[in-house]
Amino acid sequence: MDQINNTVVFEFVLLGLSSSWKTTIFLIYVFSLLYLSIILGNIFIVFLVITDTHLQSPMYFFLANLSLIDVGLSSTTIPKMISDLLKERKVISFHSCMTQMCSIHIIGGVEMVLLIAMAFDRYTAICKPLRYLSIMSPKTCISFVIAGWVTGVIHALSQFSFVINLPFCGPNKVDSFYCDFPRIIQLACADRDKFEFVVATNSGFMSMGTFFLLLLSYVFILVTVWKRSSGNLSKAFVTLSAHITVVVLFFTPCMFLYVWPFPTSSTDKYLFIVDFAVTPALNPVIYTLRNKDMKEAIKKLNK
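For the sequence shown, this note's numbering gives the first residue as 17, with consecutive numbering after it.
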């Protein structure tokens with residue numbers, strides 16, 4: 017921490033998404049609508065889960081937590097990005113940049129564990145229905161959420177502890193609309209190889225490992241259903257399709273950036289719009305329009 021005082025760079029300049037005024041106006045409009053839909057849609061899901069007694073189950077407990085996490089993840093970047101679109105010079109202070117990076121990776125780590133918990137919940141419900149309530153007890157559900165936050169904090173701080181001590185003495189332009197470890201490390205006035213390796217192994221391994229673990233769990237569920245139902249997978253596909261859609265949307269940008277993150281390209285920032293804006297906005301739609309219980313809960317509100 018002592019090296020922070022020796023850093024010459026006190027702020028970073030974010031190059032953002034566009035320099036065209038017409039494109040900027042369009043982006044402000046689109047992202048304002050997306051962020052509003054993220055807040056309203058995800059809070060609506062939390063409200064439904066809390067108020068409807070038919071949604072008091074582990075699956076919807078995890079869904080409510082996922083909705084809150086989506087609001088948190090989008091809030092780390094989208095509000096500032098919208099305000100920066102109105103500014104000619106987009107800057108973020110050194111400490112705000114470090115805070116943003118930590119917040120993104122803490123919340124991202126929590127979301128990965130929640131997706132694993134939701135996959136485990138579906139595996140238990142489909143493959144072990146008679147033991148579902150005993151396995152997915154309230155204690156188990158709360159343990160998953162706690163494990164998510166612990167994992168997220170460890171995941172973020174294990175990278176932050178290296179980056180915070182790097183000297184920044186020269187370039188301070190970040191070709192993105194937010195701060196992230198790969199791009200900030202490239203601006204350091206030091207040998208960056210070991211720090212790049214830490215980020216690649218940490219975030220890259222976590223993204224790839226979680227993604228393939230989830231895919232394997234879905235394949236295992238489908239194989240189990242196929243054996244029990246003599247090849248009829250339609251019901252299982254309907255049940256799992258929402259989860260698979262969310263997993264693919266969330267992990268594709270992560271793997272693109274973190275599995276081989278150096279050097280980064282200018283397309284990375286556009287990919288991460290999916291994680292910060294598109295996926296959090298789509299999740300309420302995916303989980304409500306394709307879920308019978310959620311649609312029934314919505315109908316009750318209209319009566």
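By construction, the Cβ of each residue, glycine as well, lies at the ideal position given by its N, Cα and C atoms.
Are the CB atoms of residue j and residue i within a distance shorter than 8 angstroms?
| i | j | result |
| --- | --- | --- |
| ILE102 | GLU127 | The displayed chain sequence assigns Leu, not Ile, to residue 102. Their beta carbons are not under 8 angstroms apart, which means LEU102 does not touch GLU127 by this criterion. |
| PHE133 | PHE221 | This sequence places Ala at residue 133; Phe is not what is there. Not a contact, by the Cβ cut-off of 8 angstroms. |
| LEU71 | ASP291 | no |
| PHE184 | VAL24 | yes |
| VAL241 | ILE151 | no |
| VAL215 | PRO198 | yes |
| TYR51 | VAL65 | no |
| ILE200 | CYS113 | yes |
| THR140 | GLN116 | no |
| SER192 | MET271 | no |
| PHE211 | PHE160 | no |
| PRO74 | CYS157 | yes |
Is DSSP giving residue i helix, strand or coil here?
| i | result |
| --- | --- |
| LYS308 | helix |
| ALA297 | helix |
| GLN19 | With a pLDDT of only 45 at GLN19, under the threshold of 50, the placement of this residue in the model should not be trusted; the figure read from the coordinates follows. DSSP places GLN19 in helix when its eight states are reduced to three. |
| LEU30 | strand |
| VAL235 | helix |
| VAL25 | coil |
| VAL190 | strand |
| MET152 | coil |
| ILE314 | helix |
| CYS157 | helix |
| GLN72 | coil |
| ILE180 | coil |
| GLN202 | coil |
| ASP196 | coil |
| ILE302 | helix |
| SER36 | coil |
| VAL275 | coil |
| ARG208 | coil |
| THR283 | coil |
| CYS185 | coil |
Taking the alpha carbon of residue i as the point to measure from, which residue in the options has its own alpha carbon closest?
| i | options | result |
| --- | --- | --- |
| TRP321 | ILE98, VAL129, PRO183 and TRP242 | Since the first residue of the chain shown is 17 and the last is 319, residue 321 is not available in this structure. |
| ASP196 | PHE78, PHE110 and PRO300 | PHE110 |
| VAL46 | CYS118, GLU312 and MET97 | MET97 |
| ILE122 | ILE66, ALA172 and LEU82 | ALA172 |
| PRO300 | ASN218, VAL275, ALA258 and LEU49 | ALA258 |
| PHE176 | SER219, PHE60 and LEU50 | SER219 |
| ILE119 | THR140, ASP86, ASN81 and VAL214 | Residue identity check: residue 119 is Ser in the sequence provided, not Ile. That would be ASP86, whose Cα lies nearest to the Cα of SER119. |
| ALA80 | VAL62, ILE54 and PRO74 | VAL62 |
| THR7 | PHE193, THR226, LEU317 and SER192 | The structure shown does not extend to residue 7, since the chain is modelled only from 17 to 319, so the question has no answer here. |
| PHE253 | ILE237, SER174 and LEU31 | ILE237 |
| ALA297 | GLU312, LEU82 and THR67 | LEU82 |
| GLY124 | THR156, SER153, ILE260 and LEU84 | LEU84 |
| ALA204 | TYR194, LYS315, PHE213 and ILE180 | ILE180 |
| SER36 | GLU104, LYS155 and ASP209 | GLU104 |
| ILE94 | THR295, LEU317, ASN307 and LYS311 | THR295 |
| SER174 | LEU305, GLU27 and PHE213 | PHE213 |
| PRO145 | ASN307, LYS38 and ARG244 | ARG244 |
| VAL100 | ILE41, PHE288, LEU131 and ILE260 | For the sequence presented, residue 100 should be read as Asp rather than Val. The shortest C-alpha separation from ASP100 is found at ILE41. |
| PHE228 | TYR148, ARG208 and ILE260 | ILE260 |
| PHE26 | ILE108, ASN58 and PHE60 | ILE108 |
Assuming residue i contacts residue j (C-beta within less than 8 angstroms), just tell me the rounded distance between them.
| i | j | result |
| --- | --- | --- |
| LEU256 | TYR234 | 6 angstroms |
| VAL29 | LYS285 | No, VAL29 and LYS285 are not in contact; Cβ-Cβ is about 14 angstroms, not under 8 angstroms. |
| ILE302 | VAL264 | Actually they do not touch by this definition, with Cβ atoms about 11 angstroms apart. |
| LEU378 | ALA135 | Residue 378 lies beyond the residue range present for the chain, which begins at 17 and ends at 319; the question has no answer from this structure. |
| LEU33 | LEU43 | 6 angstroms |
| LEU182 | ALA206 | 6 angstroms |
| ALA313 | ASP137 | Contact flag wrong, Cβ pair sits at about 18 angstroms. |
| THR304 | LYS311 | 7 angstroms |
Quick check for students: name the residue ranges of the beta strand (DSSP E) that lie wholly in the stretch 86-146, counting only runs of 3 or more. Counting only runs of 3 or more, we get 107-109.
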